[in-house]
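K.L.:
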Amino acid sequence: MTKKGLNANHVKMQNRSKILRILRNEREISRKDLSDQMSLTKAAITGIVGEMMEEELIVERGYQESGVIGRKKVLLEINRKFGYVLGLSISETHFVLSLNNILAETIDTHFHAFDGEAQYEEEELVGQVVEKSLRILWDNGIDKSAVLGFGISYIGVKDNLHMGQIEEKIKSSLQLRVVSENNVKALAIAQMDFARQMMSEDFLFVKYGPGLGMSIIQNGRIVYGHNNTAGEIGHTLVDTDADTTCRCGRRGCLESLISEKGIVKDIERLGEPYSHLVLDRKLYTIDYPKVNELMEKGDGTIINIFEPRYDYFAKALVNSIILFDPEYVCVYGQIFNQRAILEMIREKVDAYLGVHTKVKIKLSNLDPKNSALGPAALALRTFFYDSGGSGQAGQDVTMEA
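Numbering of the sequence shown is given in our numbering, commencing with residue 495 and proceeding in unit increments.
#1: Please list the terminal residues of the continuous beta strand (DSSP E) segment that includes residue 583.
#2: From the DSSP output, read off the bridge partner residues of residue 607.
#3: Quick check on the burial criterion: 16 or more other C-beta atoms within 10 angstroms. Buried or exposed for residue 894?
#4: Return helix, strand or coil for residue 712, following the three-state DSSP convention.
#5: Within 10 Å of its beta-carbon, does residue 592 have 16 or more other beta-carbons around it, so buried, or fewer, so exposed?
#6: Buried or exposed for residue 820, going by 16 or more other Cβ atoms inside 10 Å?
#7: Rounded to the nearest angstrom, what separates residue 513 and residue 598 at their Cα positions?
#8: By Cβ distance below 6 Å, which residues in the same chain neighbour residue 667 in space, the five residues on each side in sequence not counted?
#9: Give me the Cα-Cα distance between residue 627 and residue 596, rounded to the nearest whole angstrom.
#10: Could you check if residue 770 is buried or exposed, using at least 16 other CB atoms within 10 Å of its CB as the buried criterion?
#11: Going straight from the alpha carbon of residue 873 to that of residue 641, what length do you get?
#12: Would you identify the three-state DSSP class for residue 522, choosing helix, strand or coil?
#13: What is the rounded straight-line gap between the Cα of residue 741 and the Cα of residue 794?
#14: Whose C-alpha, out of 747, 604, 543, 544, is nearest the C-alpha of residue 629?
#15: I need the straight-line Cα distance from residue 695 to residue 712, nearest angstrom please.
#16: Please say whether residue 539 and residue 555 have beta carbons closer to each other than 8 Å?
#17: What does the alpha-carbon distance come out to for the pair residue 650 and residue 542?
#18: Could you work out which residue in 835, 824, 854 is closest to residue 786 when comparing CA atoms only?
#19: Mind checking which residues open and close the alpha helix (DSSP H) that includes residue 485?
#20: At 3 residues or longer, and completely inside the stretch 800-832: list those beta strand (DSSP E) runs for me, N to C.
#21: Since I believe residue 862 is in contact with residue 680 (beta carbons under 8 Å), could you give me their beta-carbon distance rounded to a whole number of angstroms?
#22: Which parts of the stretch 724-779 are runs of the beta strand (DSSP E), unbroken and 3 residues or longer, counting only runs that do not cross its ends?
#23: I'd like to check one pair, residue 824 with residue 688: are the Cβ atoms closer than 8 Å?
#24: What does the alpha-carbon distance come out to for the pair residue 665 and residue 643?
#25: For residue 685, count neighbouring Cβ atoms within 10 angstroms of its own Cβ and tell me buried if that reaches 16, exposed if not.
#26: Entirely within the stretch 852-877 and at least 4 residues each: give me those alpha helix (DSSP H) ranges in chain order.
#27: In this structure, does DSSP put residue 545 in helix, strand or coil?
#28: Pull up the CB-CB distance for residue 755 and residue 782, whole angstroms please, since I reckon it's below 8 Å.
#29: Smallest Cα separation from residue 581: which of 608, 517, 675?
#30: If you compare alpha carbons, which of 815, 867, 516, 535 is closest to residue 697?
#31: Below 6 Å CB to CB, which residues in the same chain sit around residue 729 once its five sequence neighbours on both sides are set aside?
#32: Starting from residue 782 and walking both ways along the alpha helix (DSSP H), at which residues does that stretch end?
#33: Excluding the 5 residues flanking residue 840 on each side, which residues of the same chain have their C-beta closer than 8 Å to its C-beta?
Take a look at the structure:
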């Protein structure tokens, strides 16, 4: 193919991708409004949309009510049944598998806890993932040929976890294209693509529970850094005299001081009447609504466990705000869904920032119980939206993911 032909195909793919992103964000739009937003002629939009409708990427869904006499605008939307993705979120204690449609709407999820205290065994993990993946497709009547791809998220750094081998084994076993990413960055992609709360290109995405992580979004893109570790707020040093050693090997990291693992241990030391606050010791699951209730009642014992930790967190978050100057901070995790806890953190952040700097802390509208939304969104971006929908289900899995 000539250079001119390659350039024309590239422009066409970019236009298709932009149309899909607009429809993803707005859910429905007319050809006229698409033409205005993309600065393309009506004829050009009609041609591109017509082709995408033939491929069943886009469907017409009715007319726009304008209140003006004349021809009504026909509304377009993405065909939510065009294809599906599987998302897999792997933590130290369990994995969550999610089946999602083209708009990242969750169809089904599966939770699997690992046996024992040790981290998962690679072969066992792959076997369980493959089995559960085929089961979740079967249970929902979806053929594997309709799956566009498979997304994986993990805690920490990919090279340190043998994630490349796991990725290849899942890809080979399921014969699907696979893409993987750090769990916090994957959730930040889900926030940007499917749950954007403010039209901002510059914000911090912070995940708390069971560990702590952050993604930096600048100009609409995630900042990775030279070693792919930018935004590791959990590994910033806050107290080098602390008697806790972080999983990274350093002493005094923020995550080691405020992690749910440490909170569970402190609550267990209290015994009755507080032991009921730990729902699952193995998974470090805390009954945050009950904690919130006790804090609102002024329970000094519980406040003494949580308040110092949130003070550490607020100071680290303030330092990040000062360094990166975000428009807002988006917080994700079950801990932030509790009013007393979130307000305590907000008050501390405001106090440490001072009167001259004001940054909103907004609660993420992603489901905090379904971390697999992150890798599902990653797969959708990689295999559908960025390719203009040309990454069809059932393509050769030897292609680069």
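We put the beta carbon where it would ideally sit given N, CA and C, even for glycine.
None of these values were measured; they are calculated from a predicted model.
P.N.:
On the basis of the data shown:
#1: 578-584
#2: 588
#3: Note that residue 894 scores 33 on pLDDT, short of 50, meaning its location in the model is unreliable; the coordinates nonetheless yield the value given after this. With fewer than 16 Cβ atoms within 10 Å of its Cβ, residue 894 is classed as exposed.
#4: strand
#5: buried
#6: buried
#7: 17 Å
#8: 624
#9: 17 Å
#10: exposed
#11: 10 Å
#12: coil
#13: 30 Å
#14: 604
#15: 6 Å
#16: no
#17: 41 Å
#18: 835
#19: Shown here, the chain extends from 495 to 895; a query on residue 485 therefore has no answer.
#20: 822-826
#21: Going by Cβ atoms, the distance from residue 680 to residue 862 rounds to 14 Å, so no, they are not a contact pair.
#22: 772-774
#23: no
#24: 9 Å
#25: buried
#26: 867-874
#27: helix
#28: That belief does not hold up - the Cβ atoms of residue 755 and residue 782 are roughly 15 Å apart, past 8 Å.
#29: 675
#30: 815
#31: 742, 747
#32: 782-790
#33: 855
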